[in-house]
Structures are given as C-alpha cells and as structure tokens.
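S.K.:
In full-length UniProt numbering, the protein residues as written are 1 to 525.
(1) In the structure shown, what three-state DSSP assignment does residue 258 receive?
(2) Do the segment 434 to 448 and the segment 235 to 243 touch if we need at least three Cβ pairs shorter than 8 Å?
(3) I need the straight-line Cα distance from residue 486 to residue 283, nearest angstrom please.
(4) In whole angstroms, what is the alpha-carbon distance linking residue 85 and residue 434?
(5) If residue 527 sits next to residue 37, beta carbons under 8 Å apart, how far is it from one beta carbon to the other, in whole angstroms?
(6) Give the secondary structure of residue 202 by DSSP, where H, G and I count as helix, E and B as strand, and everything else as coil.
(7) Helix, strand or coil: how does DSSP classify residue 311 here?
(8) Measuring straight from C-alpha to C-alpha, what distance separates residue 475 and residue 382?
(9) Following the continuous alpha helix (DSSP H) through residue 505, name the residue where it begins and the one where it ends.
(10) Exposed or buried, which one is residue 56 when buried takes at least 16 other CB atoms within 10 Å?
(11) With burial defined as no fewer than 16 other Cβ atoms inside 10 Å of the residue's Cβ, what is the status of residue 70: buried or exposed?
(12) Considering only residues of the same chain and omitting the five flanking positions on each side of residue 255, which have a CB-CB separation below 6 Å?
(13) Tell me which residue opens and which closes the alpha helix (DSSP H) that residue 467 is part of.
(14) Which residue wins for smallest C-alpha separation from residue 83, given the options 396, 5, 179, 52?
(15) Taking the alpha carbon of residue 229 as the point to measure from, which residue in 450, 176, 118, 241 has its own alpha carbon closest?
(16) Should the segment 244 to 254 be regarded as contacting the segment 322 to 339, the criterion being three or more beta carbon pairs within less than 8 Å?
(17) Out of 482, 411, 163, which has the shortest C-alpha to C-alpha gap to residue 516?
(18) How about residue 137 and residue 358: are their beta carbons less than 8 Å apart?
(19) Return helix, strand or coil for residue 163, following the three-state DSSP convention.
(20) Based on the DSSP secondary-structure assignment, which residues constitute the bridge partners of residue 476?
(21) Considering only C-alpha positions, which residue in the set 62, 337, 313 is nearest to residue 301?
(22) Since I believe residue 88 is in contact with residue 9 (beta carbons under 8 Å), could you give me their beta-carbon distance rounded to a whole number of angstroms?
(23) At the level of alpha carbons, what is the spacing between residue 495 and residue 466?
(24) Indicate the three-state DSSP secondary structure (helix, strand or coil) for residue 303 in the structure shown.
(25) Could you check whether residue 206 and residue 243 sit closer than 8 Å to each other, using their CB atoms as the reference points?
(26) When we look at the beta-carbon of residue 375 and count the other beta-carbons within 10 Å, is it buried (16 or more) or exposed?
(27) Can you name the residues that DSSP bridges to residue 236?
(28) Relative to the C-alpha of residue 63, which residue among 90, 103, 26 is closest?
(29) From this set, 332, 318, 373, 258, which residue's C-alpha is nearest residue 309's C-alpha?
(30) Could you give the distance in angstroms between the alpha-carbon of residue 330 and the alpha-carbon of residue 7?
(31) Per DSSP, what kind of secondary structure is residue 496 in: helix, strand or coil?
(32) For the segment 389 to 437, list the beta strand (DSSP E) runs that are entirely contained and at least 3 residues long, ordered along the chain.
(33) Taking the straight line between their C-alpha atoms, what separation do you get for residue 275 and residue 480?
(34) Please state the DSSP three-state secondary structure of residue 362.
(35) Note the first and the last residue of the continuous alpha helix (DSSP H) segment covering residue 46.
(36) On the CB-based measure, 16 or more other CB atoms within 10 Å of its CB, does residue 158 come out buried or exposed?
Here is the structure:
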C-alpha cells in the first residue's frame, strides 16, 4: 500500500467459518491490501477444528464467539504493524457465515458504547454474551423445532435446521435461563458490524432472509414465525434494514486505538453468500459456484420461486431483486479428506489424478456426505459401480474422481430442479478457495456444459463487502451498484467444456438422480 497517498479506501471483512479475512480497495476498485487470520492455527487456545466444535451428538456444531472477537483484535493489530493507514478508510462493510447466531447478554449495549481503547476487544467483551458457543450453519440439531415451526406456519416446508430461527427456539426451550438474560440476538454479520459500530447493528434484509423469520416480499419479520419461535423475539432482533444502509460512524474505540477517521461509515454487514454475489457482480444468466467450506450455487433473479430445495434471499445490491441459493455442507473439508487419503495430502497430486483419469470414471459414482448434508438431506459415503451396485471401496484414483464428479453432478442436478437452465450464454463463475485449482474447474465446466470464469481474487465475499462499502455511501441517492463497480476487472476464462465429456455427464446425471433417491431411502431406514 502506498503510505504516501491520502486517497480514500474502502474496507471489506469476511467472518467465515475457518478464518477472518480483509480486503481494502481504492476508489478505482484496485485491491491495495489483503490479510487474513486462520482460527485453528493462530488461535489454538480455542481448540477448534475447521473453526468449529463438533459436539458428541455429531449434529450440534458451534463456534466460540470470543474467538471471532479475538480474531478481529489480532487481524487489525497485524494490519497496524504492517503500516496500514486506517485514517484513509472512508467506509467499511463485511460479511459473516450465514445462519449463525450470537446472543448478547443484558448490559452488552452499555459495554459496547464505552469500550476503552487501551484494551483488546476480547478482554472488554468477555462477559457480554449469554451464550459463549454460537450455533453455526453446519448445525443439524433442531429437527424438533423445525417440525413445530412447520405446523405453526401451516405447511410441511422442510425448514432448514441450520437456519437461525430454529436455533433461537432451541435455546429458548432447552436453556431458557440463557435466553431470558439475552438483550439482543445478532447474526454473525450484524454481530461483526456491532463491534465496529459500538452498539447493536441492525440485521440486513439479505442475511435476515436466512433465518426462517423474514417475509422476503414485505421485508418485515413474519409475526407468525416470530410467535412460533420465542417470546418477545421482534424486540430481541430489532428492525431489519436494507442491505445498502449506512448504520452510522465507526465507534471511538477504533478511532483512538487504530486511527480510523471519525467520519468512517459502517455499511450494513450481510451474509457471506450475498457478499459473494456482490463480489462477482453476478448478472442475469450467470451462475455462481462458490467452492469453500460449504459449496454453494447461486444467481440473481427478479421473481422469487421458493421451493423445497434451495433458498431465496433478498438481493444485497438491488432492493427490487432476489437471489437463489443452493447450499451443500460437504465442500472443501471433504475434498481435503479425500486429498489426504488418496493423493498424499497434496493438491499437486490431487490435480494430477484428475488429469490422468477419464470423464465418467468408467461409470463409478460416489456420494460423500461426511456431515449430515443439506441438499440432499443424507449422510455417509455411498459408492456405486457402473451396474449401480453399491461397493465398499475403490482405488485411490477412482475414489478421488468419484468425489469431484459426484459433487459437481449433484450441484447441477439440484440447480436444474429449481428451474435453472443452461443456455448458450450461460457463464459459470467460480469463487472460493478451490477456485484456484484448474483441474477441478475443468470438471466443473464439463459437468455444467458451460465455460467457467474466475475472479483474480478467491475471497469474493471480502471483495464484495468492500464494493458494498463504497456503494453504501451513494446508494440512497439512487446510484446503482453496477454503476459503482463498472471499473472492476472482468472475470477470466479458465475452462471451456469438452463436448465429449459433456455428453458423458448428461447421461450420468440421470443415474445420479436415481442413485441419490436410493441413498435417501437408505438413510430413512
């Protein structure tokens, strides 16, 4: 970063599952600073694995909220030591892993508004949470609460267990004392914004859509859902706000401790998937595939088409639009497990195996659900040979290719069930940590029968947050998000589909649908 310059900067942060990341851009959308902090390795005292605790029931998954707070301390300290000039930051925004909830203890608002700059945040806020281990998106322990909410709302909606409303209901029913000493309930995104704001930040429309509580058409909390979840919930959540809202200036704590300007604005934080949509500047006809801890498939749409598969959210950059999302829990962590098991623990050997094996994998198809999957709702590892007989093991080469093909075919299958169609102009935009692996992206292009593009930066949620910080300053005047980001670099073409492979995968897709049904039936018995 040019320390001699005084041009404005815009900061984007991402509180993801495994790490905290930050990107700074200038007014021309150039990235001038990037940084990160890995939870497991740099905060070993919290003893997380992949940034989370997997509880004994293997359904409950949480993260220590003070780990996120301490991560922010350490990341900003790291930036300060590297000479980052916080006084140039005119606006900041951020994102958080979706659906996770943070429960602030009564009195926390008073603490937030009187933070002493001589101390770290994690020291100042150590007594500010009524629940120290926050439920996160990987949690699948609320089937009872989901069933009750389905009854209350008048239909078998198959509500997502990881969604926040069900987690709140579980806390109220199982640990009521903790619930009654709670002053405010935040999402991970609004919790992070609260740290910068020095007060409780409002939940934005887009991330609020992932709670099973928001009416996405009226953009208000559903009274039926609130009443079915927990008492006085509307007061505990506060009113939701447009995702482009400026919440206020950064708190004096950050002004005095790090040198932020008193005029630095905090723009509403949102979910990591909505922020990725912003980072990729997703347009009509494009499909985005985020390859991270979870894999997601999403796109921007004008009319919501809610279905039993997938989810519809308010669009974070266009108040008149929506975004559709499919989430798959078993993403990079499963790929890493198979990499370690089948290719000596290196991505180089992983990629070589993909290059050396043939599309279609000689008819072998695998389903790898290390954790209870979201789409489809199944668990376990299931291997099928070319005659659709289930087998117990394969060679490392077959295993590795079966994983990658099985994951991407599943993504396509469920996207098409939501009504998505691949047209001549369709582009697949890949993001997330695995989007740097060209061999992986070639399989993605072949499976989806569409060219694959990537951004220069894998951390699209971070970049999208920085873009949103810049847009938030002018959004109220009617300037569109796409006008603000038109100078951003175009995505780069990295893989084009092989016509022969496309035919193979079109045929395999029908088998995947049939075999997935068998897996689901097996899981039910």
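Using N, Cα and C, we set each Cβ at its ideal position, and we do this for glycine too. Given the structure is predicted, the values throughout are model-derived calculations rather than measurements.
M.R.: Taking the geometry as given:
(1) helix
(2) no
(3) 12 Å
(4) 31 Å
(5) This structure does not reach residue 527, given that the chain is present from 1 up to 525, and the question cannot be answered.
(6) coil
(7) strand
(8) 49 Å
(9) 499 to 524
(10) exposed
(11) buried
(12) 262
(13) 460 to 472
(14) 5
(15) 176
(16) no
(17) 411
(18) no
(19) coil
(20) For residue 476, which the question treats as bridged, DSSP gives no partner whatsoever.
(21) 313
(22) 5 Å
(23) 28 Å
(24) coil
(25) yes
(26) buried
(27) Beta-bridge pairing links residue 236 to no other residue.
(28) 103
(29) 373
(30) 42 Å
(31) coil
(32) 427 to 431
(33) 16 Å
(34) helix
(35) Here residue 46 belongs to no alpha helix (DSSP H), and DSSP marks it neither H nor E.
(36) Note that residue 158 has pLDDT 47, beneath the 50 cutoff, so the model's placement of it is unreliable and the number below is only indicative. Answer is exposed; the Cβ neighbour count stays below 16.
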